[in-house]
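Q: Every letter in the sequence shown is one number past the one before it in our numbering, and letter 64, counting from 1, is 485.
Here it is, the structure, as structure tokens.
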Amino acid sequence: MVTLSQPILSQLVELERLRREQDSVIRKINKLHLKLIETQQEDPNRVEKLPEKLWAKLRSFYEEASKLAETEERLAAQCIRSLDSRATEGQRSGTGPKANLRA
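Here it is, written out as structure tokens:
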């Protein structure tokens with residue numbers, strides 16, 4: 422069994438935090454989309470007349486979601502490198518996951 426180091430655990434906790442934050446932003450985007458759909462169903466011409474503030478808000482949510490996704494991608498890659506490094510160290514010392522299979 423491989424024991425995860427504190428830095429790896431911290432990275433995984435941060436990944437979970439990012440995922441939750443992304444979920445929150447996506448819910449906000451979906452809420453605005455629903456509002457737009459309802460408005461369009463009521464009066465298709467009214468959608469084009471919605472305040473610029475609403476469109477700016479939607480755009481900012483998309484930008485935030487994009488930044489969070491980029492951060493998540495970088496952190497996930499960093500976690501994978503850390504885990505690969507940890508597994509390689511374990512294999513060299515004979516304590517890694519493959520060493521347990523030989524027993």
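Where a beta carbon is used, it is the ideal one built from N, C-alpha and C, also for glycine.
Note that the coordinates shown come from a computational prediction; the quantities given were computed from them, not determined experimentally.
Near R507, what residues of its chain come up, given a Cβ to Cβ distance below 8 Å and the 5 sequence neighbours on each side ignored?
A: For R507, where only same-chain residues beyond five positions count, the Cβ hits under 8 Å are V423, L425, S426 and I429.
Q: For Q432, which of T509, R513 and A498 has the nearest alpha-carbon?
A: Of T509, R513 and A498, the residue nearest in Cα terms is A498.
Q: For V446, count neighbouring C-beta atoms within 10 Å of its own C-beta (all shown protein chains included) and say buried if the count is 16 or more, exposed if not.
A: By the neighbour-count rule (16 or more Cβ atoms within 10 Å), V446 is buried.
Q: Looking at C-alpha atoms only, which residue of N466, L489, L471 and R513 is the closest neighbour of L453?
A: Looking at the Cα atoms, L471 is the closest of the given residues.
Q: Which of the three DSSP states is assigned to K452 in this structure?
A: Helix at K452.
Q: In angstroms with no decimal places, state the Cα-to-Cα distance between S503 and R513.
A: Approximately 15 Å between the Cα atoms of the pair.
Q: Classify L430 as helix, strand or coil using the three-state DSSP reduction.
A: Residue state, collapsed to three classes: helix.
Q: Taking the straight line between their C-alpha atoms, what separation do you get for R467 and E484?
A: C-alpha separation (whole angstroms): 25 Å.
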